[in-house]
Amino acid sequence: MKKAEVEVKFTFPDRRKAETVFAALKPEVYAARVFKSRVQVRLKDRTLILAFRAPTISSLRASINSFCRWVSQLQKVLELAESKVG
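Each residue of the sequence shown is one higher than the last, beginning at 151 in my numbering.
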């Protein structure tokens, strides 16, 4: 059986934001292990790299959608926090 794989990259304005999102996603990566898909999260400078692997396209899509939504929401929270502080 072939596995479906994809890699998604998010580049942040600075490394601190990338590290914050990376740290926030780590528990989700661990939790995802109980499902069909596997996710690896890496940080390279200010780029967050998510590598997905799943047995089917539908489970791959579900994982990608979840993690992309989380990244999007985390970015919004960081922007809101910056606007309140700065």
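C-beta atoms are modelled at their ideal positions from N, C-alpha and C, and glycine is treated no differently.
Suppose the cutoff is 6 Å on Cβ atoms and the five residues either side in sequence are ignored; what does the same chain contact list for residue i look like?
| i | result |
| --- | --- |
| Lys-167 | Leu-228 |
| Arg-188 | Arg-203 |
Answer with buried or exposed for residue i, where buried requires no fewer than 16 other C-beta atoms within 10 angstroms of its C-beta.
| i | result |
| --- | --- |
| Ser-213 | buried |
| Val-235 | exposed |
| Ala-173 | exposed |
| Leu-230 | exposed |
On the three-state DSSP scale, how would you describe residue i?
| i | result |
| --- | --- |
| Arg-192 | strand |
| Thr-170 | helix |
| Lys-153 | coil |
| Phe-217 | helix |
Going by beta carbon distance, what residues of the same chain come within less than 7 Å of residue i, once the five residues before and after it are set aside?
| i | result |
| --- | --- |
| Trp-220 | Leu-175 and Glu-178 |
Checking the sheet assignment: what are the DSSP bridge partners for residue i?
| i | result |
| --- | --- |
| Thr-197 | Thr-161 and Lys-194 |
Measuring alpha carbon to alpha carbon, tell me which of the options ends up nearest residue i.
| i | options | result |
| --- | --- | --- |
| Glu-155 | Cys-218, Asp-164, Ala-181 and Arg-211 | Arg-211 |
Note down, in chain order, each residue of its chain lying with its Cβ closer than 8 Å to the Cβ of residue i, except the 5 sequence neighbours on either side.
| i | result |
| --- | --- |
| Thr-170 | Leu-224 and Leu-228 |
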